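Q: The working numbering applies: residue 196 is where the sequence shown begins, and numbers increase by one.
The beta carbon of each residue, even a glycine, is placed where N, CA and C say it ideally should be.
All figures in this text were calculated on a predicted structure; none of them were measured in a lab.
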Amino acid sequence: MENSGSTCPSPLIATVAEEASFNFNKADLKDMQNRTSLPLVVDWAIWNEKCEEARSNTSYACRAANSICYNSDDINASL
Numbered sequence: 196m197e198n199s200g201s202t203c204p205s206p207l208i209a210t211v212a213e214e215a216s217f218n219f220n221k222a223d224l225k226d227m228q229n230r231t232s233l234p235l236v237v238d239w240a241i242w243n244e245k246c247e248e249a250r251s252n253t254s255y256a257c258r259a260a261n262s263i264c265y266n267s268d269d270i271n272a273s274l
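1) Look at Cys246 and Asn266 and say whether their C-beta atoms are less than 8 Å apart.
2) Just to confirm, are Pro234 and Ala212 a CB contact at a threshold of 8 Å?
3) Can you give the Cα-Cα distance for Glu248 and Ser216, rounded to whole angstroms?
4) Quick check: the Cα distance between Arg258 and Glu214, rounded to an integer number of angstroms?
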């Protein structure tokens, strides 16, 4: 994507974090050096397998203790 016509004078900054853990302040744009981490919640779905089917696959990625799989109300979907 070419952006030679961009009028934005500075880089764009985005923060993805759990809402209750981060209150944006203008000063954060200049100095976030004291922040080492922010909690992140990701909500996504796999549309072709139920949890039981996904877990039986050797490439199943959600193996961490804080990863949870829920079967969705949608047909053949898991969250």
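A: In this structure, then:
1) yes
2) yes
3) 34 Å
4) 25 Å
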